[in-house]
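In the numbering used here, the protein residues as written are 52 to 387.
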């Protein structure tokens, strides 16, 4: 059984995966963690549509750098503001709220967080949360969508360029997403994909700048839209790559995810990854509060809770304290 506070969501998912394994023993007789990885990729493994999209957006982001000297100050400020707004749509929205169900929120909060997520434009919340649950169930195995054992570049961006390993797809189909299907905000975004996200990510920032303070549409498109978008993309991808390869592992030394301060700063507090993978249901995704660990996502959630928009925030600190007590007792017994 997977340790989590998704409650029935993950329990049912684990059960479904077990059923799938039992029914399909001829195809998959050993756990994902024991199966060998695919041979090096070939041209036929490339997802040409996604590869083209990712490549073009990286180029557009670079063009945005060239437009920076010609931006109005208001446009630069607008791009800077959209960074944490869109970033929170991933960290506080797709990740901590919808993928992990680590806290609950009312409709207004969920709707505006969905809009922030749409500005981030990292696929739909539905697919993001499904893939992330798959990642946690099968981290660093052949069923992990962005398996860091395959190297930094695969975990960072390469996994988006390649077709899914059939075992990743199989594991993803076993994930229960009934809670996502029942969320109107999630399904609104999914049903309007991809045009909804594309508008909020690229065109909304440009239109606001154009009509708000007379900025050139294309200057704002490339800076507040494309450049900001690409920057937030890489901040998110560093969680999959750098935070799974480099850093301290004080909570679970045997696991790959690590405490990485650089990633925490880049991703609004998502870099405390050793804690997060040990306790994925913790809404803070870190042991300490914002005064001890950089975690603006937790601060925003706490402020929303103070305003009555968020409730049932789950924490793992008591569980960790009990584990520490047991470890200390075992250490003393061994020393005596």
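We treat Cβ as the ideally placed atom computed from N, Cα and C, and that holds for glycine.
Rounded to the nearest angstrom, the gap between the Cα atoms of residue 248 and residue 236 is 13 angstroms. Residue 263 and residue 318 have their alpha carbons spaced roughly 28 angstroms apart. Under the DSSP assignment, residue 92 falls outside any alpha helix (DSSP H); it carries neither an H nor an E label.
Taking a cut-off of 8 angstroms for Cβ pairs, the stretch 323–337 and the stretch 148–155 touch, as three or more such pairs fall below it.
In the three-state scheme derived from DSSP, where H, G and I count as helix and E and B as strand, residue 156 is classed as strand. In the displayed model, residue 362 falls within a strand according to three-state DSSP.
DSSP places residue 351 in the uninterrupted alpha helix (DSSP H) bounded by 347–357.
Residue 216 sits close to residue 193, with the two beta carbons spaced by under 8 angstroms. Rounded to the nearest angstrom, the Cβ distance from residue 292 to residue 206 is 4 angstroms, consistent with a contact under 8 angstroms. When C-beta atoms of the stretch 163–181 are compared with those of the stretch 127–144, three or more pairs fall below 8 angstroms, so the two segments count as touching.
Secondary structure in the stretch 279–336: no beta strand (DSSP E) run of 3 residues or longer lies completely within the stretch. With a beta-carbon spacing of about 7 angstroms, residue 315 and residue 344 fall inside the 8 angstroms limit used to define contacts. Counting C-beta pairs closer than 8 angstroms gives fewer than three between the stretch 270–281 and the stretch 294–301, which falls short of the contact rule.
Taken through DSSP and simplified to helix, strand or coil, residue 213 comes out as strand. Note that the C-beta distance between residue 350 and residue 361 is not below 8 angstroms. In the structure shown, residue 84 adopts helical secondary structure according to DSSP, grouped into three states.
Separation of the CB atoms of residue 182 and residue 189 is rounded to 11 angstroms, and the pair is thereby denied contact status at 8 angstroms. With respect to the C-alpha of residue 214, the residue from 233, 270, 94 and 186 having the closest C-alpha is 94. Residue 186 sits in a helix when the DSSP states are folded into three classes.
Distance check between residue 120 and each of 382, 179, 273 and 307 places 273 closest, using alpha-carbon atoms only. Residue 252: not part of any alpha helix (DSSP H); DSSP gives it neither H nor E. Here DSSP, grouped into helix, strand and coil, assigns residue 342 to coil. Take residue 219, set aside five residues on each side of it, and the residues of its chain with a beta-carbon closer than 6 angstroms to its own are 194 and 196, in chain order. Put simply, the backbone Cα of residue 148 is about 10 angstroms away from that of residue 176. Residue 169 carries a helical assignment under DSSP once its states are collapsed to helix, strand and coil. The alpha carbon of residue 179 has as its nearest neighbour, out of 118, 204 and 226, the alpha carbon of 226. Restricting attention to 158, 187 and 101, the CA atom closest to the CA of residue 330 is found in 187.
Its chain contains 192 as the residues whose beta carbon lies nearer than 6 angstroms to that of residue 84, once the 5 sequence neighbours on both sides are disregarded; these appear in chain order.
When the alpha-carbon of residue 222 is set against those of 385, 82 and 310, the nearest one is in 82.
Relative to the Cα of residue 271, the nearest Cα in the group 287, 254, 310 and 282 belongs to 254. A distance below 6 angstroms between beta-carbons, with the five flanking residues on each side excluded, links residue 289 to the following residues of its chain, in chain order: 314 and 317. Shortest Cα-Cα distance from residue 90 to any of 103, 201 and 259 involves 201. In the structure shown, residue 233 falls within a coil segment according to DSSP collapsed to helix, strand and coil.
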